[in-house]
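All remarks here apply to the structure that follows.
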Amino acid sequence: MPRPRLTASPPNRNRPPGLGRAGAGLAALLLLAPAAFAQAPPSEDERVERILGGLSLAERIGQLDLVANSPSFSRDRIAAGAAGGVLAFTNGRDIADVQALARRAPSGIPLLVGLDVLHGLRTQYPLPLGEAASFDPDLAREVARAAAREAAAIGINWTFAPMADLARDPRWGRMVEGFGEDPHLGAAFTAARVRGFREGGLAVTLKHFAGYGAAIGGRDYDSASIGPGELVDAYLPPFAAGIGAGAESVMSAFHALDRVPATASRFLLTDTLRGRLGFSGFVVSDWLAIDQLRDHGVAATGAEAARLALAAGVDMDMASGLYAKHLPDEIAAGRVPEAAVAEAARRIVRTKLRMGLFEAPTSPPVLDAPPPPSPNDRALARRAAAESMVLLRNEGALPLAPGRRIALVGGIAADAKELVGPHAALVRYEDGVSILEGLRRRAESAGASLSFSPGCDVGCGSDAGFAAAVATAEAADVVVAVMGEPLELTGEAASRAYLTLPGRQAELLDRLVGAGKPVVLVLVASRPVELGRVVDRLAGLLMAWFPGTEGGNAVADLLFGDVSPSARLPVTWPRTIGQVPLFYDRLPTGRPPDPRNRFTLRYVDEEFTPLFPFGFGLGYGRVAYGPVRIDDPVVPRGGSAVVRATVSNVGPRPVSEVVQLYVRQPVARISRPLRQLKSFRKVVLAPGETASVALALPADALAYTDGTGARVLEPGRYEIFVGGASDAPLAGTIELQP
Ligand code: BGC
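Numbers 387 to 1124, taken from my numbering, label the letters of the sequence shown in order.
This is the structure in structure tokens:
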């Protein structure tokens, strides 16, 4: 068998001692400055080619390898320049060590140092789904910036976030890692997070390309089928927005889309990602996903899997080591073109160059570990948490009146760990403020008394503590019950077949409600929870998602009315699991729901409507919508309509309102969704204040993708709905000119 030709281009032997070739290239440029005075500085492409030209084939293949920190991790590989990046390093000293090794290697190319920095490093902010509920992308950007700074301070330079996957099935545990069911909202938040992470010093990864959230049955890793128009119009906009915001990398997904595993899909990773969306960064596989092509049944051997992934467009191999192991032989045998490796290495090197890694000092000073959250971090985490929690029901119990006797029940209430959620990076649970702690502190200053009786522990397997909890409830004026999903039921590999409260929590809730005192339920969960009939008997319902380090204080801020709830649902809340997937931007049907007619779209044993619609959420004030004006309702192609809503705070307290604009094209060549969110704006209104909120609606936003993948923008009439949720009333129409 012929040996691989390991040297594509002769390495540059003229580097100064101690500097790798890439560093040498840079130093040479600086040293040569006087002679080259009259010449323009080298372009980015020239610099990339110069670096690439100095690499052997083995070193180029090394750039394609993302090596995980594990017991078998070999420093020698890094010292030999045989890795492009590392992941799962969590200590600044170790990161500085591997980074220095890489820089001293003959190739001298700095490493990408990746980690899942999703909603914080040490300081934990709300999980992305909760963040999306804020309908405040500027806040998300600020949070991402803060999280990135914490991570960059210990030497991490690349995050595997944000997750741009649309999620319409709450059985899927990863719904919480993304921004919910809506393409427009998802796009706004994906772009905001990309900007924030980058401003904080991290390169970002949009994941998981594409359609991973559409796994059938909500089962993580299962396959998905998505029509071509729906893929482009629903699933791709968040990715497109993230690319527009400067995302450096995209992660391929684990699942098979339309029968082709995403990690082997040239259609997805090259035609769609690069061709349609114009992405020019690099693609990284998901964890061991290249190796898993064998399990998918599209590759018989590791070598074949490596070949398929590279040909599809995966530039970097996360953790499987198959590129490093097989590409030399595959190239030697002529089964993989050397140019394909060069191109992948080029994309990775270019990213590193753009990130400024070559300019950074040889050993940038880094902290070993992130310090405890500063007062500023805490203030931001508290604000973000309070802005993420959705008030879904309030029968007058909230805000809690001063001087009341409050019974606090629920195992989750005492456990700050349960507020943090999955992918908590370098969390230190002792930093967190539990709901018990937050409420206790605030109750004292409100002159209220607080008695805590958990009822059961977090898993709630036993009813031994129920009687005591009920007795505490009976002795109080109001009950705050904190219930939800234990951490292990959420995130990756946490698909659920039930959406009910786990363990015996529902039983406890029933008993509390039966005690006759008003019960406010605070839900700590990653997705909508099926509550059943008890919901009608609750005095209040607050969805807190996973609110992070300052979660307990934020719950107190909202329950005591220091802050008016301002979040809105980023997902439709079903009544029962049998309704899922249920999302608001569905298509019309020839037999629209009619409760009097059996032969229409409905269930025979349950309402057709959700429990709470997308975009819904209450505040403590009262908001009234006045007339909506549409400037220039005849819109030319390439033009834009401006929709002006008048919103007044007619209550006695300051409020935030999320003004939402939905569109429908009532007659088109194909069925168009009944509603589509196209614009939103969060406004703060003082008591008595009226604001005119202008929402822009570009004609382009009315386009759709047909079954052939073509973009279509049809002239004609479009209906505009404006209000505080996805069931907003019709506000007018616009006419798009031919
Ligand atoms: C997940 C990715 C994550 C990666 C690295 C995988 O299991 O699917 O989202 O970035 O692990 O931690």
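Note that the Cβ used here is the ideal one computed from N, Cα and C, for glycine as well.
Quick check: does the Cβ of PHE546 come within less than 6 angstroms of any heavy atom belonging to ligand 1? yes
Excluding the 5 residues preceding and the 5 following GLY564 in the sequence, name in chain order all residues of the same chain whose CB lies nearer than 6 angstroms to its CB. PRO514, MET549, ASP551, ALA553
Spatial distance of GLY1025 from ALA465 (CA atoms): 56 angstroms
Contact under 7 angstroms by Cβ, PHE668 with THR737: yes
CA-CA distance, SER848 and GLN965? 30 angstroms
Check whether the Cβ of ASP922 lies closer than 6 angstroms to any heavy atom of ligand 1, and answer yes or no. no
Tell me ILE792's beta-bridge partners as DSSP assigns them. LEU836, VAL864
Sorry if obvious, but does the Cβ on ASP522 come closer than 6 angstroms to a heavy atom of ligand 1? no
What's the call for PRO496, buried or exposed, on a 16-neighbour Cβ count within 10 Å? buried
Backbone secondary structure at ALA633 - three-state DSSP: coil
Which residues does DSSP list as the beta-bridge partners of ALA454? LEU473
Whole-angstrom Cβ separation of PRO523 and PHE575, contact assumed at under 8 angstroms? 6 angstroms
In chain order, what residues of the same chain lie with their CB nearer than 8 angstroms to the CB of VAL920, ignoring the 5 residues before and after it? ALA892, LEU895, ASP896, VAL899
What's the gap between the Cα of ARG768 and the Cα of ALA755? 22 angstroms
Following the continuous beta strand (DSSP E) through VAL1029, name the residue where it begins and the one where it ends. 1026–1035
Closest by CA to THR656, which one among ASP672, ALA850, VAL636? VAL636
Measuring from the CB of ASP943, is there a heavy atom of ligand 1 at a distance below 6 angstroms? no
Is the beta carbon of ALA650 closer than 7 angstroms to that of ALA698? yes
ASP672: CB within 6 angstroms of a non-hydrogen atom of ligand 1: yes
Assign SER839 to one of two classes, buried (16 or more other C-beta atoms within 10 Å of its C-beta) or exposed (fewer than that). buried
On the DSSP bridge list, what partners appear for LYS593? MET549
Helix, strand or coil for GLN891 per DSSP? helix
Do MET704 and SER666 have their CB atoms nearer than 7 angstroms? no
Report the three-state DSSP secondary structure of ALA421 (helix, strand or coil). Any reading at ALA421 must be qualified, since the residue scores a pLDDT of 47, below 50, and its modelled position is unreliable; the value itself is stated next. In the structure shown, ALA421 sits in coil (DSSP, three-state: anything other than H, G, I, E or B).
Nearest-angstrom Cα distance between SER1057 and ILE612? 16 angstroms
What residue range is occupied by the uninterrupted alpha helix (DSSP H) comprising VAL1069? Per DSSP, VAL1069 belongs to no alpha helix (DSSP H); it is in the beta strand (DSSP E), 1062–1071.
Return yes when at least one heavy atom of ligand 1 lies under 6 angstroms from the C-beta of ASP502, else no. yes
Is the beta carbon of ILE798 less than 7 angstroms from the beta carbon of VAL910? yes
Taking VAL1041 as the reference, which of TYR709, VAL864, ALA1077 has the closest Cα? ALA1077
For ARG645, does the count of other Cβ atoms within 10 angstroms reach 16, so buried, or fall short, so exposed? exposed
Element boundaries [beta strand (DSSP E), containing ARG779]: 776–780
Identify every residue that forms a DSSP beta bridge with THR1076. SER1034
Run through DSSP, which three-state label would ILE1106 get? strand
N- and C-terminal bounds of the alpha helix (DSSP H) containing PRO483: Looking at the sequence provided, one finds Asp at residue 483 rather than Pro. Per DSSP, ASP483 belongs to the alpha helix (DSSP H) from 478–490.
Starting from the C-beta of ALA1054, find all residues in its chain whose C-beta is less than 6 angstroms away, skip the five residues before and the five after it, and write them out in chain order. GLU1100
Only counting runs of 4 or more residues, tell me where the alpha helix (DSSP H) segments fall wholly within the segment 700–732, in order along the chain. 708–718
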